[in-house]
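Novice:
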Amino acid sequence: MHRMQGLHLTADLYRCRCDAAWLTDPQRLAPWCVEATRAAGLHPVDQLFHVLPADGPGAGGVTATVLLAESHVCLHTWPLERAATLDVYVSDAAAHAAQARALMDALVQRFAPEWTEQRSLDRGDGE
């Protein structure tokens, strides 16, 4: 019997100091995210990057998902606020926790926030 024992990492990024294109350009962000996922030892199987319409002056943000064999990565950006939210979820924490943490570290470094709020949640039964 398989038990559900996942790890869900989240990060809220504020005042990102990265080049503005990282917050608005899926053509730049998508290949980098896929490569960062592979570099962390996880396995991307599909992806969807979508530009949101501008809400006022400036460019719209990006909402994105990279589907992993191990589960998923999601990110959302707010260019006007220079902010982003990140989720990395792996469904087998025992096997993939280190890779999930490495990927989250790479994502946070890419956006170079002045500060972050990060959380870690154990999912499923712990037995």
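Per my numbering, the sequence shown starts with residue 188, numbered consecutively. For each residue, glycine too, the CB sits at the ideal point set by N, CA and C.
1) What does the alpha-carbon distance come out to for the pair residue 196 and residue 307?
2) Between the Cα of residue 226 and those of 293, 265, 207 and 216, spot the shortest distance and give me the residue it belongs to.
3) Taking only three categories from DSSP, how would you classify residue 208?
4) To which residues of the same chain is residue 207 closer than 7 angstroms at the C-beta, ignoring the five residues directly before and after it?
5) Mapping the DSSP letters down to three states, classify residue 300 as helix, strand or coil.
6) In angstroms, rounded to a whole number, what distance separates the CA positions of residue 188 and residue 284?
7) Would a C-beta distance cut-off of 7 angstroms place residue 295 and residue 287 closer than the cut-off?
8) Can you list, in chain order, the residues of its chain with a C-beta nearer than 6 angstroms to that of residue 264? Leave out the 5 residues immediately preceding and following it.
9) Note down, in chain order, each residue of its chain lying with its Cβ closer than 6 angstroms to the Cβ of residue 194, except the 5 sequence neighbours on either side.
10) Assuming residue 271 is part of the beta strand (DSSP E), what are its boundary residues?
11) Whole angstroms is fine: what's the gap from residue 201's alpha carbon to residue 297's?
Specialist: Here's the rundown:
1) Sequence index remark: in the sequence shown, residue 196 carries index 9 (1-based). Sequence index remark: in the sequence shown, residue 307 carries index 120 (1-based). The alpha-carbon atoms of residue 196 and residue 307 are separated by roughly 5 angstroms.
2) Within the sequence shown, the letter at position 39 stands for residue 226. Of the listed residues, the one whose Cα sits closest to residue 226 is 293.
3) The residue you call residue 208 lines up with position 21 of the sequence shown. Residue state, collapsed to three classes: helix.
4) As a working mapping, residue 207 is identified with position 20 in the sequence shown. Here the set comprises 266.
5) Start at 1 with the first residue of the sequence shown, and residue 300 comes out as number 113. If DSSP states are grouped into helix, strand and coil, residue 300 belongs with the strands.
6) Residue numbering aside, residue 188 sits at position 1 when the sequence shown is read from its first letter. Residue numbering aside, residue 284 sits at position 97 when the sequence shown is read from its first letter. Summary for residue 188: the model assigns pLDDT 44, below 50, so the residue's position carries little reliability, and this model does not support an answer.
7) Translated into the one-based positions of the sequence shown, residue 295 becomes position 108. Translated into the one-based positions of the sequence shown, residue 287 becomes position 100. Not in contact: residue 295 and residue 287 (Cβ atoms no closer than 7 angstroms).
8) Reading the sequence shown from its first residue, position 77 is the one you call residue 264. These residues qualify, in order along the chain: 210, 248, 249 and 271.
9) The sequence position of residue 194 within the sequence shown is 7, counting from 1. So the list reads 277, 280, 284 and 287, once near-sequence residues are dropped.
10) Position 84 of the sequence shown holds residue 271. Per DSSP, residue 271 belongs to the beta strand (DSSP E) from 270-277.
11) Reading the sequence shown from its first residue, position 14 is the one you call residue 201. Reading the sequence shown from its first residue, position 110 is the one you call residue 297. C-alpha separation (whole angstroms): 13 angstroms.
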